[in-house]
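Asks: Just so we're aligned, residue 1037 is where the sequence shown starts under my numbering, counting upward by one. Where a beta carbon is used, it is the ideal one built from N, C-alpha and C, also for glycine. Please find one structure pasted underneath; my questions will follow.
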Amino acid sequence: MKVLPSVSFTALLLCLVIPSSAQLRGVENTKLSAERRIALVVGNSAYERSPLLNPVNDARDIAQVLSELKFEVIYKANLGYKDMKAAIREFGAQMKSGEVGLFYYAGHAVQVGGRNYLVPVDARIKDEAEVAEEAIDVSLVLTQMKNAQSLMNILILDACRNNPFPQKYNYVSKSLVPMDAPPGTLIAYASAPGAEAWDGRGRNGVYTRELLKSIRTAGLSIEEVFKNVRVSVQRQTMGKQTPWESSSLTGDFFFRTADENWAEGMWEGTAYQSTPNTVWPLKLVAQNNKFLIEYPSRTCVAELILTNKKNGQATFREINMNGSNRCADGGEVVLEKVSGAQLIFKYLSPQSSEIVASAILNKKEFKAQAQRVMP
């Protein structure tokens, strides 16, 4: 877009076209349909020996949140051996038509001979040989994921709560052994190897309570989600429980993406520059991924070319300058989202890439301009 001295800032704004609501719906639906998400969520609490307080609540709450995040959820509670195995196989069949597969389990689990087993509520285990017959090897889930050839797989085990068997069964470990994540897979454990997870005294266990918070947070990558969970759980358990992950992911995944239109609209603020010590007003307008900025006191208007935008931060390069001074050097502009009503503006010098000016931009009413250009 060529910026000419004779063209007013308001006229420039009218050059920005807002897509119709039908167009927006089409884009949104295409994005959602391009990534089909399948999840199996299992919570086992009703054990005859060593029942647990929270797993069914944990699984139900996880299932609800995943449904909100566009997962097709298979939710199961208090499964016996046959039903648990059937649910895993159903999950595998569903994943074959999806791109992201997620398995969440809350309940008892044990480790015998270097293998991890999920314990159904009807397990009757008398000796070591019966563990493989009465419990579900986690490798069955991983095999289903591998056979489905999903682009991304997530396995979450909130399952290291305590040994459900008498102490005489010393061959049964209270914690799970780390597993290598097959290509494209992340395996998350509620606690580190050799440690138990806290069942919790409220509705949810400590791990799942923090997981529920983190996956609801928009704009966090999957790695950031589990890092936040680890930090929170460590803090709440005074370091006694440390969640653990094993990952072979090569792509990005967000349970909830940030609002990609967060910068849309008209913004105003006052820029501050320390050297020399000066201030000046500025105005910004963003519509349909086009951005214009005006520095009224310097009779300067510039177009901002978007170079990067992701989860609450955008970077631009000033081009097609009009006037002199601030617009003439074509530096880099960074916008960071504070809230729906405020942005942080930073201007980076093209010579040193250092921040030389900054501002808080407040969102202004923009209905009049938007109505005039709406198709």
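1. How is E1368 classed by DSSP in three states: helix, strand or coil?
2. Output yes or no for whether 8 Å exceeds the beta carbon distance between G1255 and T1293.
3. Assign M1188 to one of three DSSP states: helix, strand, or coil.
4. Between I1098 and Y1140, how many whole angstroms is the CB-CB distance? I'm expecting something under 8 Å.
5. Alpha carbon to alpha carbon, how far is M1181 from S1389? Give it in angstroms, no decimals.
6. Is P1279 closer than 8 Å to R1271 when the C-beta atoms are compared?
7. In angstroms, rounded to a whole number, what distance separates the CA positions of V1148 and A1195?
8. Around the Cβ of R1073, are there at least 16 other Cβ atoms within 10 angstroms (buried) or fewer (exposed)?
9. Which of the three DSSP states is assigned to G1079 in this structure?
10. Let me confirm a value: G1376 is counted as buried when at least 16 other C-beta atoms fall within 10 Å, else exposed. Which label applies?
11. Secondary structure at E1330, three-state DSSP: helix, strand or coil?
12. Taking only three categories from DSSP, how would you classify N1183?
13. Using CA coordinates, which residue listed in Q1130, S1103, N1093, G1134 is at the minimum distance from N1114?
14. Measuring CB atoms only, is the segment 1237-1253 touching the segment 1302-1322, in the sense that at least three cross pairs come out at less than 8 Å?
15. Which one or two residues does DSSP pair with R1353 in a beta bridge?
16. Touching or not, the segment 1184-1191 and the segment 1126-1139, by the rule of three or more beta carbon pairs under 8 Å?
17. Return the chain-ordered ranges of every beta strand (DSSP E) run that is complete within the segment 1101-1141 and spans a minimum of 3 residues.
18. Which stretch, first to last residue, makes up the beta strand (DSSP E) that contains Q1147?
19. Express the C-alpha separation of P1386 and V1213 in angstroms, rounding to a whole number.
Replies: So, from the data block:
1. strand
2. yes
3. strand
4. 5 Å
5. 46 Å
6. no
7. 14 Å
8. buried
9. strand
10. exposed
11. strand
12. helix
13. N1093
14. no
15. I1341, E1368
16. yes
17. 1107-1113
18. 1145-1148
19. 52 Å
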